[in-house]
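K.L.:
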Amino acid sequence: MPKKLYILLLSIFLASCGSSKGSTSRPSKTKTERNVTISRSSNRGASRSIVDFAKTFEGTRYKYGGTTNSGMDCSGLVFTAFANENIELPRSSRDMAKRGERISIDKAKEGDLVFFKTGKNSSSINHVGLVVDTGRNGLMFIHSTTSRGVIISSLDEAYWKNSFVEVRTIL
Numbered sequence: 003m004p005k006k007l008y009i010l011l012l013s014i015f016l017a018s019c020g021s022s023k024g025s026t027s028r029p030s031k032t033k034t035e036r037n038v039t040i041s042r043s044s045n046r047g048a049s050r051s052i053v054d055f056a057k058t059f060e061g062t063r064y065k066y067g068g069t070t071n072s073g074m075d076c077s078g079l080v081f082t083a084f085a086n087e088n089i090e091l092p093r094s095s096r097d098m099a100k101r102g103e104r105i106s107i108d109k110a111k112e113g114d115l116v117f118f119k120t121g122k123n124s125s126s127i128n129h130v131g132l133v134v135d136t137g138r139n140g141l142m143f144i145h146s147t148t149s150r151g152v153i154i155s156s157l158d159e160a161y162w163k164n165s166f167v168e169v170r171t172i173l
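The numbering used here numbers the first residue of the sequence shown as 3 and each following residue consecutively.
This is the structure we're talking about:
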């Protein structure tokens with residue numbers, strides 16, 4: 003990992019999926035926000051890179067606030083994958099859900115973000131995943147779970163289908 007990226011990741015105030023603490027960072031105008039008018043097809047290369055990088059963490063254990071091979075939480079995985087392409091996102095899933103453009107699930111593509119409200123008492127978004135495929139197996143996404151770490155799941159699984167809130171495109 004480039005030294006600058008490593009230092010950036012270490013210096014960021016860590017929030018996490020499901021964290022009840024609000025983020026102290028202010029939204030900034032990011033590379034993706036400036037390029038919103040670019041067609042999605044022109045960003046396929048970046049989407050592929052983001053997904054491929056996220057997949058390198060598959061099998062990594064869950065760690066609250068984690069952003070490295072020694073442990074990841076769901077928003078840490080997405081944050082790190084986008085940062086690898088120099089795309090700045092907020093650190094928490096709740097704040098990520100305020101970025102990009104909300105799209106219908108049938109328009110989801112590789113590199114888009116899926117958001118969830120998990121748990122019985124969840125009143126706000128507390129989980130995020132990265133779409134890795136939308137082919138014949140349905141929508142597949144990579145994310146970090148407290149029980150199994152970084153895995154790829156299907157939106158067709160009952161738990162995720164029932165917790166699903168929205169899809170957002172960043173690129």
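Backbone N, C-alpha and C fix where the C-beta goes; we use that ideal spot for every residue, glycine too.
For Ser126, does the three-state DSSP call read helix, strand or coil?
P.N.:
coil
K.L.:
Determine, using beta carbons only, whether Glu176 and Arg104 come nearer to each other than 8 Å.
P.N.:
Not covered by the structure: residue 176. The range shown for the chain is 3 to 173.
K.L.:
Just to confirm, is the Cβ distance from Leu115 to Val130 under 8 Å?
P.N.:
Cβ distance < 8 Å, so Leu115 and Val130 count as in contact.
K.L.:
Between which two residues does the beta strand (DSSP E) holding Phe117 run?
P.N.:
115–118
K.L.:
Might you give, ordered along the chain, the residues of its own chain that have their beta carbon closer than 7 Å to the beta carbon of Asp75, omitting 5 neighbours on each side?
P.N.:
Ser18, Cys19, Tyr64, Lys65, Tyr66, Gly67, Gly68, Ser146
K.L.:
Going by DSSP in three states, Thr62 sits in which element: helix, strand or coil?
P.N.:
In this structure, Thr62 counts as coil in the three-state DSSP scheme.
K.L.:
So what's Gly78 in DSSP terms, helix, strand or just coil?
P.N.:
helix
K.L.:
Distance check for Thr120 and Thr148, CA to CA, integer angstroms please.
P.N.:
12 Å
K.L.:
Which of the three DSSP states is assigned to Ile182 in this structure?
P.N.:
For residue 182 there is no data in the structure shown, the boundaries of the chain being 3 and 173.
K.L.:
Checking 8 Å against the spacing of the C-beta atoms, do Ala56 and Ile153 come in under that value?
P.N.:
no
K.L.:
For Glu35 and Ser94, what's the separation of their Cα atoms in angstroms?
P.N.:
Residue placement at Glu35 cannot be trusted, given a pLDDT of 36 that sits under 50; the coordinates are not used to answer.
K.L.:
Taking the alpha-carbon positions, what's the Thr53 to Gly113 distance?
P.N.:
In the sequence on display, residue 53 carries Val and not Thr. When rounded, the distance between both Cα atoms is 6 Å.
K.L.:
How big is the Cα-Cα spacing for Asn164 and Pro92?
P.N.:
25 Å
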